[in-house]
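Numbering (full-length UniProt numbering), first residue to last: 1 to 294.
Note that the Cβ used here is the ideal one computed from N, Cα and C, for glycine as well.
Keep in mind the model is a prediction, meaning the values are calculated, not measured.
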Amino acid sequence: MSLVQPLVSVVVPVYNQEMYLESSVNAILHQSYRQLEIILVNDGSTDTSTEKLHDFAVEDSRVLVIQKENGGLVDATIAGIRQASGQYIVFMDPDDYIGSDYIANFVQALDLDTDVVAAGFYHDDRHMLTAFSLKEDRIYKGEEISFLRRHLLDPVEGSAISSYLFVSRWNKMYRTSCAKNVADKFEEYKDISLGEDTIFSYLMLLECTCVKTLKLVNSYYYNIASSTSMMKNTATIRHISNARKVRSAFGDLLTSTGEDRVQADLLYYFLIESLLTRLLSIRDRGQFIHVYRE
1 MSLVQPLVSV VVPVYNQEMY LESSVNAILH QSYRQLEIIL VNDGSTDTST EKLHDFAVED
61 SRVLVIQKEN GGLVDATIAG IRQASGQYIV FMDPDDYIGS DYIANFVQAL DLDTDVVAAG
121 FYHDDRHMLT AFSLKEDRIY KGEEISFLRR HLLDPVEGSA ISSYLFVSRW NKMYRTSCAK
181 NVADKFEEYK DISLGEDTIF SYLMLLECTC VKTLKLVNSY YYNIASSTSM MKNTATIRHI
241 SNARKVRSAF GDLLTSTGED RVQADLLYYF LIESLLTRLL SIRDRGQFIH VYRE
């Protein structure tokens, strides 16, 4: 590491996640890397999340709570980015959790010119952990980053999601100045509520000049089991509608930068495949058939 203890901002958008906050926020508070600014964005929660966030702020002076009207995940993410004063920034979903060295591992990998550092992670499906590693330890600079943009989603690997970088916000650390520039462009996508991370990652790859990828499986635990229930027909229809919306928006972004729309189609495939997998896991044959026909 060429940097000495940079301040890292941790942004957590929160909407009605009372049952997970003790686990997720305490995991941040107990990071081995202490130079943190913890920004909890309360996106108009109507449960006890508001009170819990207040308690965290009282407990630890590193915690800052932003109170705002409900505007969705993109809007809450932007609010957190704009508040951030750290040199680097990471994101965490409130229903996920991280190991004690999660941020330290990123900081250790930073070089002076690093804009983004990405690592592997774990899927946590009811405490059944599956490790996902990135393809290689590598540094991408300048025009090499266009390769990452073209391979955010890639059918060659047998899955729509490529392992060069992965599409999420939360398996990466970013230079905050780059994230703030991306936030201005991300404003256009406030109505996207599914697959928005892919758009954020693509915009970041347009902005940054140095990306470092690590084969390390870092201790981020993505909580699959907490995903919104698909037991109701209305939720299934909404998921399909939102998947179509992000396919259109991402496709337009791709064509505006000279790329074809195939990655948008791959994203749609991934989102629908994920839905079908969840329906099969709850043995809902009727809903499965409905989605298949759609």
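query	result
One question on the structure: do Tyr-97 and Ser-163 come within less than 7 Å of each other, judged by their Cβ atoms?	no
Can you grab the Cα-Cα spacing for the pair Asn-218 / Phe-121, in whole Å?	5 Å
So, with DSSP's three-state summary, where would you put Val-10?	strand
Restricting to Cα atoms, I'd like to know which of Leu-148, His-127, Asp-115 and Pro-13 is closest to Glu-136.	Leu-148
Tell me whether Thr-228 is buried or exposed, calling it buried when 16 or more other Cβ atoms sit within 10 Å of its Cβ.	The predicted position of Thr-228 is uncertain, since its pLDDT is 43 and thus under 50; a value taken from the coordinates is nonetheless stated next. Result: exposed.
Looking only at its chain, what residues have a beta carbon closer than 8 Å to the beta carbon of residue 296, apart from the 5 residues adjacent to it on each side?	As displayed, the chain neither begins before 1 nor continues past 294, which places residue 296 out of reach and without an answer.
Mind pulling the beta strand (DSSP E) runs of 3 or more residues that sit fully within the UniProt domain "Glycosyltransferase 2-like" (9-135)?	36-43, 63-68, 88-91, 116-125 and 128-132
Could you spell out the range, first to last residue, of the alpha helix (DSSP H) harbouring Ile-192?	Run containing Ile-192: none; DSSP gives neither H nor E here.
What whole-angstrom Cβ distance do Pro-13 and Gly-80 have, given they're in contact under 8 Å?	6 Å
Classify residue 380 as helix, strand or coil using the three-state DSSP reduction.	The requested residue 380 is not part of the displayed model; the chain covers only 1 to 294.
Rounding to the nearest angstrom, what Cα-Cα distance links Tyr-202 and Leu-152 in this structure?	8 Å
Based on the DSSP secondary-structure assignment, which residues constitute the bridge partners of Lys-172?	Ala-118
What is the DSSP secondary structure of Cys-210, reduced to helix, strand or coil?	strand
Report back the beta-carbon spacing between Ile-38 and Gln-83 to the nearest angstrom; my notes put them in contact at under 8 Å.	11 Å between Cβ atoms; not a contact.
Assuming the contact rule is C-beta atoms closer than 8 Å, Val-182 and Phe-200 should be a hit. Round their C-beta distance to whole Å, please.	7 Å
Below 7 Å between beta carbons: does that hold for Asp-47 and Tyr-15?	no
Could you check if Cys-208 is buried or exposed, using at least 16 other CB atoms within 10 Å of its CB as the buried criterion?	buried
Could you name the residues of the same chain whose beta carbon sits closer than 6 Å to that of Leu-29, not counting the 5 residues immediately before and after it, in chain order?	Asp-60
At what residues does the beta strand (DSSP E) containing Ile-139 begin and finish?	138-141
Note down, in chain order, each residue of its chain lying with its Cβ closer than 6 Å to the Cβ of Met-173, except the 5 sequence neighbours on either side.	Tyr-88, Val-90, Phe-106 and Val-117
Any idea what DSSP makes of Ser-241, helix, strand or coil?	helix
Within 10 angstroms of its Cβ, does His-127 collect 16 or more other Cβ (buried), or is it exposed?	exposed
One question on the structure: do Val-211 and Ile-103 come within less than 7 Å of each other, judged by their Cβ atoms?	no
Leu-148 lies in the alpha helix (DSSP H); which residues open and close that run?	144-150
To the nearest angstrom, how far is it from the Cα of Gln-67 to the Cα of Asp-197?	23 Å
What's the call for Leu-112, buried or exposed, on a 16-neighbour Cβ count within 10 Å?	exposed
When you compare the CB positions of Leu-276 and Ala-243, do they come within less than 7 Å of one another, or not?	no
Report back the beta-carbon spacing between Gly-86 and Ser-9 to the nearest angstrom; my notes put them in contact at under 8 Å.	4 Å
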